[in-house]
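Structure first, commentary second.
Residue numbers (our numbering): 1 to 158.
Rendered as structure tokens:
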């Protein structure tokens, strides 16, 4: 919690509350009194808990999708998110969210674990509401000379 007061900004308060493993933050600026800033902050926090839900979309290291890898010791690579990914939306809206996944193409080895290999965009009513990077779930080493040559030929034809 952080409080403050100046003549130009009025009474200000930054506070947070946690319920059922969900933390919300409230920022109140320009309140006329000390009591008003506390009351308004409480109203904001109660409103957010009453009308919004936070949903776990992907857990850290959970496979999001498989990507084709060229010139690598493996042909496929799982992508994941670097940290647990939550979306906080008005209650009932999560069912309308669409995840759109794009990947870096062509994805050519070597690839390091944790390297960004794509993006997941979350769409609601045709608008992007959030986007996060997708990362390599494991490292992929470079293939031998024949594997690299064969994949180079396939990339030229493709």
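Cβ atoms here follow ideal geometry from the backbone N, Cα and C, with glycine treated the same way.
To the nearest angstrom, how far is it from the Cα of residue 138 to the Cα of residue 18?
One-based indexing of the chain shown puts residue 138 at position 138. One-based indexing of the chain shown puts residue 18 at position 18. Rounded to whole angstroms, residue 138 to residue 18 spans 34 angstroms at the Cα level.
Just checking, does the stretch 74-84 make contact with the stretch 38-55 on the three C-beta pairs under 8 angstroms criterion?
Because the criterion of three Cβ pairs below 8 angstroms is not met, the stretch 74-84 and the stretch 38-55 do not touch.
Leaving out five residues before and five after residue 13 in sequence, what residues of the same chain have Cβ atoms less than 6 angstroms from its Cβ?
Numbered from its first residue, the chain shown carries residue 13 at position 13. Closer than 6 angstroms at Cβ, skipping near neighbours: 3, 28, 37, 41.
Out of curiosity, what's the CA-to-CA distance linking residue 114 and residue 126?
The residue given as residue 114 occupies position 114 in the chain shown. The residue given as residue 126 occupies position 126 in the chain shown. Answer to the nearest angstrom: the Cα atoms are 30 angstroms apart.
Is residue 100 closer than 9 angstroms to residue 124 when the C-beta atoms are compared?
In the chain shown, residue 124 corresponds to position 124, counting from 1. In the chain shown, residue 100 corresponds to position 100, counting from 1. Not closer than 9 angstroms, so no.
Could you give the DSSP three-state label for residue 10: helix, strand or coil?
Within the chain shown, residue 10 is the residue found at index 10, counting from 1. Three-state DSSP puts residue 10 in a strand.
On a CA-only basis, which of 130, 128, 10, 141 is nearest residue 34? Give me that one, please.
As a working note, residue 34 is residue 34 in the chain shown. It is 10 whose Cα lies nearest to the Cα of residue 34.
Take every Cβ of the stretch 145-153, pair it with every Cβ of the stretch 59-79, and state whether three or more of those distances are shorter than 8 angstroms.
Counting Cβ pairs under 8 angstroms, three or more are found: they touch.
In the DSSP assignment, find the beta strand (DSSP E) that holds residue 152 and state where it starts and stops.
Here residue 152 is taken as the residue at index 152 of the chain shown, counted from 1. Unbroken run through residue 152 is the alpha helix (DSSP H), 145-157; no beta strand (DSSP E).
Tell me which same chain residues have a C-beta within less than 7 angstroms of the C-beta of residue 130, skipping the five on either side of it?
In the chain shown, the residue the question calls residue 130 occupies position 130. Around residue 130: 87, 122.
For residue 99, name the three-state secondary structure that DSSP assigns.
As a first step, residue 99 is located in the chain shown; it is residue number 99 there, counting from the start. Reduced to three states, the DSSP call for residue 99 is strand.
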